[in-house]
Amino acid sequence: FEIIERIGMLPPANISSGNYILEATYLNRKTGETYPIPIQPPVRVEVDPQAEILPAPELDLVTQLRMWGQKLPLGIKGLETVFEEVGRVNQYDPVQDYTKQAEKTLAYRLQQDPNNLELLYGLSLARVLQQDADGAIAALTRVTELDSQNPFAYAYLAFVYLYNLNPGAAEIALKSALELDPTQPEIRALNGVAALMQGNVFKAWRYLK
Numbered sequence: 246f247e248i249i250e251r252i253g254m255l256p257p258a259n260i261s262s263g264n265y266i267l268e269a270t271y272l273n274r275k276t277g278e279t280y281p282i283p284i285q286p287p288v289r290v291e292v293d294p295q296a297e298i299l300p301a302p303e304l305d306l307v308t309q310l311r312m313w314g315q316k317l318p319l320g321i322k323g324l325e326t327v328f329e330e331v332g333r334v335n336q337y338d339p340v341q342d343y344t345k346q347a348e349k350t351l352a353y354r355l356q357q358d359p360n361n362l363e364l365l366y367g368l369s370l371a372r373v374l375q376q377d378a379d380g381a382i383a384a385l386t387r388v389t390e391l392d393s394q395n396p397f398a399y400a401y402l403a404f405v406y407l408y409n410l411n412p413g414a415a416e417i418a419l420k421s422a423l424e425l426d427p428t429q430p431e432i433r434a435l436n437g438v439a440a441l442m443q444g445n446v447f448k449a450w451r452y453l454k
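The opening residue of the sequence shown carries number 246 in the numbering used here; numbering runs sequentially from there.
In structure tokens, the structure reads:
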């Protein structure tokens, strides 16, 4: 039998103009093995930033999740958009299998490009949406190494630590966040929660009042 799915494709933002030939790779979700998928006839794509914008099918959900991840460095402003989009998609995809697909594909792509911050934010989001605290902590720890001047990177890591009932580790991450931005109310609130979870009521009051 044959299955046909028509979706849009989003080229990388930093791709050079020119003509490209598409290649496809199958990634086995269970074994992690990959092998090329022949495309017949060959598909050629011209990338032209000046081209007319035409109507196109909706992007696949994995690509959409990766785009949501690009909003995370913006902090609360970016999170609002992410929550809206996740809520919209989950209305017609209650199984949320796209988060598992995204995790597998992003982890695979990071093997080839381990310092790609965009992919790391996407992987972190995919794991958070699956409530995989340990996996999200691993990804966000790497994010803080590459995006070390962004206080929200540390705040996200701290949030997951708090979710995982590890306020001590959260407090360490928040120390870096507060050094970068001591006035951000959301970061101060997280620090107050971390203090409260450790029984430090006076410190919690100072940050939560």
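The beta carbon of each residue, even a glycine, is placed where N, CA and C say it ideally should be.
Other residues of its chain near residue i: CB distance less than 6 angstroms, five sequence neighbours each side excluded
| i | result |
| --- | --- |
| residue 331 | none |
| residue 414 | 406 |
Outcome for residue i when other beta-carbon atoms lying within 10 angstroms are tallied against a minimum of 16
| i | result |
| --- | --- |
| residue 270 | exposed |
| residue 309 | buried |
| residue 366 | buried |
| residue 258 | exposed |
| residue 327 | buried |
| residue 369 | buried |
| residue 314 | buried |
| residue 416 | buried |
| residue 348 | buried |
| residue 274 | exposed |
| residue 451 | exposed |
| residue 296 | exposed |
Range of the contiguous beta strand (DSSP E) that encloses residue i
| i | result |
| --- | --- |
| residue 266 | 263–266 |
| residue 428 | Per DSSP, residue 428 belongs to no beta strand (DSSP E) and is neither H nor E. |
| residue 269 | 269–272 |
| residue 288 | Here residue 288 belongs to no beta strand (DSSP E), and DSSP marks it neither H nor E. |
| residue 281 | 279–282 |
Extent of the continuous alpha helix (DSSP H) to which residue i belongs
| i | result |
| --- | --- |
| residue 372 | 362–374 |
| residue 306 | 306–314 |
| residue 329 | 321–337 |
| residue 340 | Looking at the DSSP string, residue 340 is not in any alpha helix (DSSP H), and its letter there is neither H nor E. |
| residue 396 | 396–408 |
Sequence-distant residues of the same chain with beta carbon closer than 8 angstroms to residue i, five excluded per side
| i | result |
| --- | --- |
| residue 431 | 320, 321 and 400 |
| residue 418 | 389, 399, 400, 402, 403 and 406 |
| residue 287 | 266 and 267 |
Same chain, Cβ closer than 7 angstroms to residue i, five either side skipped, listed in chain order
| i | result |
| --- | --- |
| residue 323 | 316 and 317 |
| residue 378 | 405, 408 and 409 |
| residue 429 | 396 |
Check whether residue i and residue j have beta carbons under 7 angstroms apart
| i | j | result |
| --- | --- | --- |
| residue 289 | residue 260 | no |
| residue 272 | residue 353 | yes |
| residue 333 | residue 302 | no |
| residue 396 | residue 439 | no |
| residue 362 | residue 351 | no |
| residue 441 | residue 449 | yes |
| residue 255 | residue 299 | no |
| residue 380 | residue 372 | yes |
| residue 356 | residue 307 | no |
| residue 291 | residue 264 | yes |
| residue 423 | residue 437 | no |
Residue nearest to residue i in terms of C-alpha spacing, selected from the options
| i | options | result |
| --- | --- | --- |
| residue 281 | 292, 268 and 275 | 268 |
| residue 410 | 328, 327 and 443 | 443 |
| residue 394 | 373, 426 and 361 | 426 |
| residue 358 | 391, 337, 338 and 445 | 391 |
| residue 360 | 341, 384, 337 and 339 | 384 |
| residue 311 | 247, 374, 446 and 428 | 374 |
Closer than 7 angstroms to chain D by CB, residue i
| i | result |
| --- | --- |
| residue 410 | Although the question refers to chain D, the structure presented lacks it and comprises just one protein chain. |
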